[in-house]
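Residue numbers (mature numbering (1 follows the signal peptide of the UniProt record, and there is no 0)): -21 to -1, 1 to 482.
Think of the CB as a built atom: it goes at the ideal place given N, C-alpha and C, for glycine as much as any other residue.
Just so it is clear, the structure is predicted and the values come from calculations on it, not from any experiment.
Single-structure report; data block below.
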């Protein structure tokens, strides 16, 4: 508790002074503003953005399309319509009268630039693999873009919702200004940013949508400690805190004036590298699976019952997606787990290190639960927790056993190609299965929805029998002051503050 109070005091003394150094006083302002306690960002330039601090980029930048969080359907943003007849030729009609925050007009040249930029070797764009399928881009006029693909991609449109694919100005120097002066077509403009501390975003007076945004300002505090963020919420210093834990949720629900919502679920993949001992033997992977108790995992990790805010399976898909195949949960069988380990050459058990991000929600709880459940079967698991930035840069992709937080994808093929295809850049389990690769390719190219779902189901059967992952699905929790009205955040993880108001 003392640590939390000290951190809170430090954050408030360091951060509130710069934000209001111009004489502006938060307590008496007549402006409508929403105050957000966010994670400390690393890189924020689109293309290399690591997914931290969603409230910042999602308010400055915009996308061709977005997901309606209520209906889960695509809705127009900078594209007013899109069409394809064969999955290979995609035509987009662009919204007219849109300007970037520097005053320049948005048109087809900017869309062309944004997509071509994914293939720029000097950037290291995180969507390079996805957009390598684009063979040519036509811009017959300022408000029409035609993408010609090398092969059919019937769900290609969903790539346009990825958080690293906002539309960028072809005339702006993102290489030099993307980190310090981000600039897009979004509803809010960056007024001030103190790296690692705070940001002030003000209403875009020239925003194309009448009546939006509904508030005048977003004040974002970058807080490295979730307890400090929650203390700020309890003290009335902020209005929104994402990434809270179930324990904090239970405490906040007893406090008046604060609500906790779960817009969607996220993955926590427990990945076993199939090319590293001991998980290079499928019998060891199966032994770990038989040692698990999904209900205990759900309750221990999320404080929620299985199926009531938390889910579990042994495939890469969220249980909530239409492509998910219902399969019976594997019952815990310690005797079978021991026998499998013995058959694999470990009659006296096996020792392995489990790496995870200790400061990421649910990481420590899941690691400890896996350790305890696996012990009776003969697994001695040594826990190796590190700050998320250290985990991702030094250990992830290089260790035999790890836990990684993954956001869900409205189109799961977006995740499969990156994380489970043999050539995928984020293939943390080092999966190298020719049949899996074949099915992922078929899923990506199949135009018929029913046939595509058949491929999804076949893929999940393989994962159930010889897969490399335990898929623990945890709630993404956001604590919100009851003064906040209309908070929206779809599975793309991008909060839509343009629709949000405050009493």
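Span of the alpha helix (DSSP H) holding residue 436?
Mapped onto the chain shown, residue 436 falls at position 457. Residue 436 -> alpha helix (DSSP H) spans 428 to 445.
C-alpha distance - residue 130 paired with residue 114, whole-angstrom precision:
Working through the chain shown from its first residue, we reach residue 130 at position 151. Working through the chain shown from its first residue, we reach residue 114 at position 135. Per the coordinates, the alpha-carbon of residue 130 lies some 9 Å from the alpha-carbon of residue 114.
6 Å CB neighbourhood of residue 4 in its chain, flanking five on each side removed:
Residue mapping note: residue 4 aligns to position 25 of the chain shown, counting from 1. A caution first: residue 4 carries a pLDDT of 45, below 50, which makes its placement in the model too unreliable to give a value.
Which residues in the same chain have their Cβ closer than 6 Å to the Cβ of residue 311, if we skip the five residues on either side of it in sequence?
Here residue 311 refers to the residue found at position 332 of the chain shown. Excluding sequence neighbours, residue 311 sits near 272.
Quick check on the burial criterion: 16 or more other C-beta atoms within 10 angstroms. Buried or exposed for residue 290?
Mapped onto the chain shown, residue 290 falls at position 311. The residue is buried, with at least 16 neighbouring Cβ atoms inside 10 Å.
Nearest-angstrom Cα separation, counted from residue 132 out to residue 260:
Position 281 of the chain shown, counted from the first residue, corresponds to residue 260. Position 153 of the chain shown, counted from the first residue, corresponds to residue 132. If I take the Cα positions, the gap works out to 35 Å.
Under the three-state DSSP convention, the category residue 223 falls into:
The residue given as residue 223 occupies position 244 in the chain shown. Residue state, collapsed to three classes: coil.
Do residue 328 and residue 358 have their C-beta atoms closer together than 8 Å?
As a working note, residue 328 is residue 349 in the chain shown. As a working note, residue 358 is residue 379 in the chain shown. The beta carbons of residue 328 and residue 358 sit closer together than 8 Å.
What does DSSP give as the partner residue(s) for residue 55 in the beta ladder?
Walking along the chain shown from the start, residue 55 turns up at place 76. DSSP, once it has assigned bridges, lists 44 as partnering residue 55.
When the distance is taken between beta carbons, is residue 478 closer than 8 Å to residue 465?
In the chain shown, counting from the first residue as 1, residue 465 sits at position 486. In the chain shown, counting from the first residue as 1, residue 478 sits at position 499. Taking 8 Å as the Cβ cut-off, residue 465 and residue 478 qualify as a contacting pair.
Is it the case that the Cβ atoms of residue 223 and residue 209 are separated by a distance below 8 Å?
On the chain shown, position 244 is the one that residue 223 refers to. On the chain shown, position 230 is the one that residue 209 refers to. In this structure, residue 223 places its C-beta atom within 8 Å of the C-beta atom of residue 209.
Please state whether the Cβ-Cβ distance between residue 266 and residue 188 is less than 8 Å.
For this step, residue 266 is matched to residue 287 along the chain shown. For this step, residue 188 is matched to residue 209 along the chain shown. The answer is no: Cβ separation not under 8 Å.
Which residue's Cα is closest to the Cα of residue 286: 274, 279, 280, 44?
Within the chain shown, residue 286 is the residue found at index 307, counting from 1. It is 274 whose Cα lies nearest to the Cα of residue 286.
Residue 120, enclosing beta strand (DSSP E) - first and last residue
Along the chain shown, one-based indexing puts residue 120 at 141. Unbroken beta strand (DSSP E) run through residue 120: 113 to 120.
Continuous beta strand (DSSP E) stretch holding residue 456: start and end:
Translated into positions along the chain shown, residue 456 becomes position 477. Counting along the chain, the beta strand (DSSP E) containing residue 456 begins and ends at 448 to 460.
Just confirm the distance between the C-beta atoms of residue 303 and residue 336, as a whole number of angstroms; I'd bet it's less than 8 Å.
Along the chain shown, one-based indexing puts residue 303 at 324. Along the chain shown, one-based indexing puts residue 336 at 357. Rounded, the Cβ-Cβ distance is 26 Å, inconsistent with contact.
Neighbour-count burial assignment, residue 101, 16 or more Cβ in a 10 Å radius
The residue given as residue 101 occupies position 122 in the chain shown. So residue 101 ends up on the exposed side.
With C-beta atoms as the reference, is residue 356 less than 8 Å away from residue 308?
Position 377 of the chain shown, counting from 1, holds the residue named residue 356. Position 329 of the chain shown, counting from 1, holds the residue named residue 308. For residue 356 and residue 308, no; Cβs fall outside 8 Å.
Would you mind sorting residue 124 into buried or exposed? The rule is 16 or more other CB atoms within 10 Å of its CB.
Counting from 1 along the chain shown, the entry for residue 124 is found at position 145. The Cβ neighbour count for residue 124, taken over all protein chains shown within 10 Å, is at least 16; the residue is labelled buried.
Looking at residue 281 and residue 225, is the spacing between their C-beta atoms short of 8 Å?
Residue 225 sits at position 246 when you count from the first residue of the chain shown. Residue 281 sits at position 302 when you count from the first residue of the chain shown. For residue 225 and residue 281, yes; Cβs fall inside 8 Å.
Distance CB(residue 55)-CB(residue 468) smaller than 8 Å
Taking the first residue of the chain shown as 1, we reach residue 55 at position 76. Taking the first residue of the chain shown as 1, we reach residue 468 at position 489. The Cβ atoms of residue 55 and residue 468 lie no closer than 8 Å to each other.
Under 7 Å Cβ to Cβ from residue 367, same chain only, skipping five residues before and after it: list those, please.
Mapped onto the chain shown, residue 367 falls at position 388. Only 336, 338, 339 meet the Cβ criterion.
Does the count of Cβ pairs from the stretch 82 to 92 and the stretch 108 to 122 closer than 8 Å reach three?
Per the Cβ contact rule, the stretch 82 to 92 is in contact with the stretch 108 to 122 (3 or more Cβ pairs under 8 Å).
Residue of 480, 482, 476 minimising C-alpha distance to residue 167
In the chain shown, the residue the question calls residue 167 occupies position 188. With distances taken between CA atoms, residue 167 lies nearest to 476 out of 480, 482, 476.
Helix, strand or coil at residue 79 according to DSSP, with G and I counted as helix
The count along the chain shown starts at 1 and reaches residue 79 at position 100. In this structure, residue 79 counts as coil in the three-state DSSP scheme.
Mapping the DSSP letters down to three states, classify residue 416 as helix, strand or coil.
Taking the first residue of the chain shown as position 1, residue 416 is located at position 437. Note: residue 416 maps to helix in three-state DSSP.
Would you call residue 184 buried or exposed, if buried means 16 or more other Cβ atoms sit within 10 Å of its Cβ?
Residue numbering aside, residue 184 sits at position 205 when the chain shown is read from its first letter. Exposed is the call here.
Within 10 angstroms of the Cβ of residue 450, are there 16 or more other Cβ atoms? Answer buried if so, exposed if not.
In the chain shown, residue 450 corresponds to position 471, counting from 1. Burial call: buried.
Hey, is the stretch 22 to 35 in contact with the stretch 138 to 158, meaning 3+ C-beta pairs nearer than 8 Å?
Judged by Cβ distances under 8 Å, the stretch 22 to 35 makes contact with the stretch 138 to 158, as three or more pairs qualify.
Would you tell me roughly how many angstroms separate the C-alpha atoms of residue 333 and residue 361, rounded to the nearest one?
The sequence position of residue 333 within the chain shown is 354, counting from 1. The sequence position of residue 361 within the chain shown is 382, counting from 1. Answer to the nearest angstrom: the Cα atoms are 6 Å apart.
Residue -1, buried or exposed, once every other Cβ within 10 Å from all chains shown has been counted against 16:
Mapped onto the chain shown, residue -1 falls at position 21. Because residue -1 sits at a pLDDT of 39, beneath the cut-off of 50, its placement in the model cannot be relied upon, and the following sentence gives the value as read from the coordinates. With fewer than 16 other Cβ atoms within 10 Å, it is exposed.
Can you list, in chain order, the residues of its chain whose CB lies under 7 Å from that of residue 421, leaving out five sequence neighbours each side?
Numbered from 1 along the chain shown, position 442 holds the residue referred to as residue 421. Same-chain partners within the cutoff: 434.
Going by C-alpha distance, which of 425, 296, 177 is nearest residue 391?
Your numbering for residue 391 matches position 412 in the chain shown. Answer by Cα proximity: 296.
Given this structure, state the Cα-to-Cα distance separating residue 76 from residue 165, to the nearest angstrom.
Along the chain shown, one-based indexing puts residue 76 at 97. Along the chain shown, one-based indexing puts residue 165 at 186. Those two C-alpha atoms are separated by around 13 Å.
Inter-residue spacing [alpha-carbon to alpha-carbon] between residue 373 and residue 408:
The residue labelled residue 373 in the question sits at position 394 within the chain shown. The residue labelled residue 408 in the question sits at position 429 within the chain shown. Taking the straight line from one Cα to the other gives about 16 Å.
Looking at C-alpha atoms only, which residue of 402, 458, 443 is the closest neighbour of residue 376?
Locating residue 376 in the chain shown gives position 397, where the first residue counts as 1. Measuring from the Cα of residue 376, the nearest candidate turns out to be 402.
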